[in-house]
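Report on the following structure.
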Amino acid sequence: MNRKSRTADQIKSHVNASMGSNPSDMYILNGQIVNTVTKEIYKGDIAIKDDRIVRVGDISDLKEKHPNVKQFDAENNFLIPGLIDTHLHTESTFLTPSTFTEVVLPRGTTTVVVDPHELTNVLGIKGLEFYFKETQGLPLEFLVEIPSCVPAAPTLETGPTTINADEYASLINNDNYFALAELMNFPGVIYGDQEVMEKISLAEDAGKIVEGHAPELTGIGLQAYLTAGITSCHESIGVKEVIEKLRLGMKIQLREGSFARNLKDLSTGIKNEFGLDSDAWRRCITCSDDKHADDIFNEGHIDFSLRTLVNDIGLDPVTAVQIATLNPANHLQRTDLGMIAPGKRANIVVVDNLNDFNVKDVFSMGKHVAHQQKLLIDLPRIEYPDWLLNTVNPLYIPTVDEFYIPAPVEDGSLEAHIIGVKEHSLVTDHIEKSVKIEASKLVIDDNIGYFFLLDRHGNTRNFSKSIVSGFEFNGKVAVASTVAHDSHQLLIAGNDPLAMHTAMTNVLNTNGGQTIVSIEAESIVSKTLALPYAGLMSIESPTVISDKMNDMKEFSKKYIKGISEPFMSLSFMALPVIPKLKLTDRGLVDVEKFQLIELFNS
């Protein structure tokens, strides 16, 4: 059932409560209402019945008729609509849907659009169905999308699972699923791949929106992408690109994640081009995409985006609130969200001011669910089946002696293709330069390291090898992770075979996770975060996860100097739909040519 729909009896009950013939369930009194339609702020009260607002403004007659209705005193604080995240992968928080709710709901987020393609790539439709069931009954509304690319690039990698065209038809026509998630295979869109066209057509026929993913796509290609009916993009890299997309009607998702943080840069560019009062801001919406649990704990979720838009960009606070509420609701075609008005969802956030947006209380679906960033309700706990917790099963486990890169010459030098990792960017450089060879092996130095990928799903014996720059390892160091968008293979980067083998072993022993290893004077020291839920998520409490992540970050700062978020950076180095050079189980991928290439030039 679509959670936004009401029965005739429910509508009648809400109308009667609005008229006063039946009592409401709750009054919110003495608030400063932020009107996202007219951009006004005025004092008023609110009456709520079930999950709906039934009256806004003067409710004195209702209070007189029904004085015993539960009352909440807003104490002259500001009332804004519930915040909306238009695109994220909860897997990237390392939290389950329940624990994610526990963290973001008290910060004012009441609706999230989730693309569980990380989980679905690992576990297929069975995993997607389990995820959907897990989100039901939670006080945070999850709009679950259908992952569009399982795997992301089937011609360039061996995905653990595949969703075929017939299965897509069934999923898209299933009311459980909200939209067709980000079409990362933008070459497939602009060059008319028949299977991609079928997916878009099915979504259009079902009346569902199609979300975008088009980094650095401009000109004729962008026009073709939009012609296909795709409506949004969260992967814009530069300001010029964003201006072009806005002028062509695309919705710009101002992303503020843990690693990819483009809200400030893109918003500054929009301000410089159009000004602070332009209608261009109506096409801007908030999203987090990939944000770790510790960052949500430490800085916030969509509330952090609000603070940035107002205090760093200089936007009028109500315009900022529109970007996080009404604009997303319009994009999602959800007329019941994004404003405080009769008939709308009773998702209301109480903040003490419109600069810091300190969240004091949260109402979601008509219930008072959080106070002073603490939940007031208990959430259901899930027992996870073994098939969900045992997903790291490689057919082949390399020995220590295999953690090197063989070369086609005995000694000398060769020109190699090197993955250049950049700070706070999902895009990598494609570096071509000469590297040293001794005894038919690559010789690494302070400027380059190893980057290996092991098929952890048990489909092949593939163990791919490449060269990386940018990490700046301090000593003998390695990192490993089973979080590797989107196929989630086991990734290992480092500069020492023993450290890399130890890192791999740590992750295998925890049924998935992330680890950093350092070898000092023959002593091996490591920190590990276990992620047994599909090799992507922890089943521990949010505070335990956050504490462990903070501990690992402090540990990694000592041993990795070039990249501040090494695990987030690592996770995108195997995604062959984001430029420019990536590694899959089949080898090195030139993303701009969308083809596999050799590591060394002949």
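First residue of the sequence shown: 2, per this note's numbering; consecutive thereafter. All C-beta atoms, glycine included, are put in the ideal place defined by N, C-alpha and C. Predicted, not measured: the structure shown is a model, and the values here were computed from it.
Buried or exposed for Ser539, please, with buried defined as at least 16 other CB atoms from any protein chain shown within 10 angstroms of its CB.
With 16 or more other Cβ atoms from the protein chains shown falling within 10 Å of its own Cβ, Ser539 counts as buried.
Give every residue of the same chain whose Cβ lies closer than 8 Å to the Cβ of Val428, excluding the five residues on either side of it in the sequence, and list them in chain order.
Pro216, Glu217, Ile238, Ile579, Pro580, Lys581
Which value, in whole angstroms, describes the spacing of the CA atoms of Val350 and Phe568?
33 Å
For Glu439 and Asn602, I'd like the C-alpha separation in whole angstroms.
17 Å
Under 8 Å by Cβ, that's how I've got Ser527 and Asn510 pegged, so tell me the actual separation to the nearest angstrom.
Between Asn510 and Ser527 the Cβ distance is about 11 Å, and since that is not below 8 Å, they are no contact.
Please report the distance separating the alpha-carbon of Met2 from that of Phe179.
Confidence at Met2 is low in this model, with a pLDDT of 34, below 50, so its placement is unreliable and the value that follows should be read with caution. Approximately 11 Å, taken between the alpha carbons.
Nearest-angstrom Cα separation, counted from Asn348 out to Arg53:
Using only the alpha carbons, I get a separation of about 8 Å.
Output yes or no for whether 9 Å exceeds the beta carbon distance between His118 and His88.
no
Starting from Tyr132, follow the alpha helix (DSSP H) in both directions and report where the run begins and ends.
118 to 136
Reduced DSSP secondary structure (H/G/I, E/B, other) of Asn3:
For Asn3, the predicted model reports a pLDDT of 44, less than 50, meaning its position is unreliable; a value from the coordinates is still stated below. Asn3: coil per DSSP, three-state reduction.
Sheet register partners of Gln374 (DSSP bridge)
According to DSSP, Gln374 bridges with nothing at all.
Checking 9 Å against the spacing of the C-beta atoms, do Val57 and Pro318 come in under that value?
no
Rounded Cβ spacing between Ile42 and Ile29 (contact assumed at less than 8 Å)
No, Ile42 and Ile29 are not in contact; Cβ-Cβ is about 15 Å, not under 8 Å.
Taking only runs of the beta strand (DSSP E) that begin and end inside the stretch 54 to 123, which ones reach a length of at least 3 residues, in chain order?
71 to 74, 79 to 82, 84 to 89, 110 to 115
Residues near Gln72 by beta carbon distance below 7 Å, same chain, minus five either side
The residues are Tyr28, Leu30.
With a 10 Å radius around its C-beta and 16 neighbouring C-beta atoms as the bar for buried, classify Gly339 as buried or exposed.
A buried status is given to Gly339, since no fewer than 16 other beta-carbon atoms sit within 10 Å of its beta-carbon.
Should Glu146 and Val105 be called a contact, given that it needs their Cβ atoms to be closer than 9 Å?
no
Tell me whether Asp26 sits in a helix, a strand or coil according to DSSP, three-state version.
Look at Asp26 here: in three-state DSSP terms it is coil, with no helix or strand label.
His431 lies in the alpha helix (DSSP H); which residues open and close that run?
His431 -> not in any alpha helix (DSSP H); beta strand (DSSP E) instead, spanning 430 to 439.
In the DSSP assignment, find the beta strand (DSSP E) that holds Gln254 and state where it starts and stops.
252 to 256
Mind reading off the beta-carbon distance from Glu468 to Ile517? Whole number of angstroms is fine, and I expect it under 8 Å.
Here residue 468 turns out to be Ile, not Glu, going by the sequence shown. Contact annotation, Ile468 with Ile517: C-beta distance approximately 20 Å; criterion of less than 8 Å not satisfied.
Does the distance from the CB of Gly107 to the CB of Val35 come in under 9 Å?
Per the sequence shown, the amino acid found at residue 107 is Pro instead of Gly. Against a cut-off of 9 Å, the Cβ pair of Val35 and Pro107 comes out as no contact.
Where does Pro407 fall in DSSP's three states?
strand
Can you have a look at Lys583 and say buried or exposed, based on whether 16 or more other CB atoms are within 10 angstroms of its CB?
buried
Secondary structure at Gly21, three-state DSSP: helix, strand or coil?
In the structure shown, Gly21 adopts coil according to DSSP, grouped into three states.
Phe595 to Leu389 span [Cα, whole Å]
The alpha-carbon of Phe595 is positioned some 32 Å away from that of Leu389.
Starting from Met538, follow its DSSP beta bridges and name the residues at the other end.
Tyr534
Could you give the first and the last residue of the continuous alpha helix (DSSP H) run that contains Glu300?
294 to 300
Hey, could you find the ends of the beta strand (DSSP E) Ser519 is sitting in?
514 to 521
Quick one: what's got a C-beta closer than 8 Å to Asn177's C-beta in the same chain, skipping five residues either side?
Phe133, Val145
Are the beta-carbon atoms of Met366 and Pro140 separated by less than 9 Å?
yes
Since Gly513 contacts Thr483 with CB under 8 Å, what's their CB separation in whole angstroms?
4 Å
Which residues in the same chain have their Cβ closer than 6 Å to the Cβ of Gly125, if we skip the five residues on either side of it in sequence?
Thr162
Could you tell me the alpha carbon to alpha carbon distance between Ser441 and Ser414, rounded to whole angstroms?
10 Å
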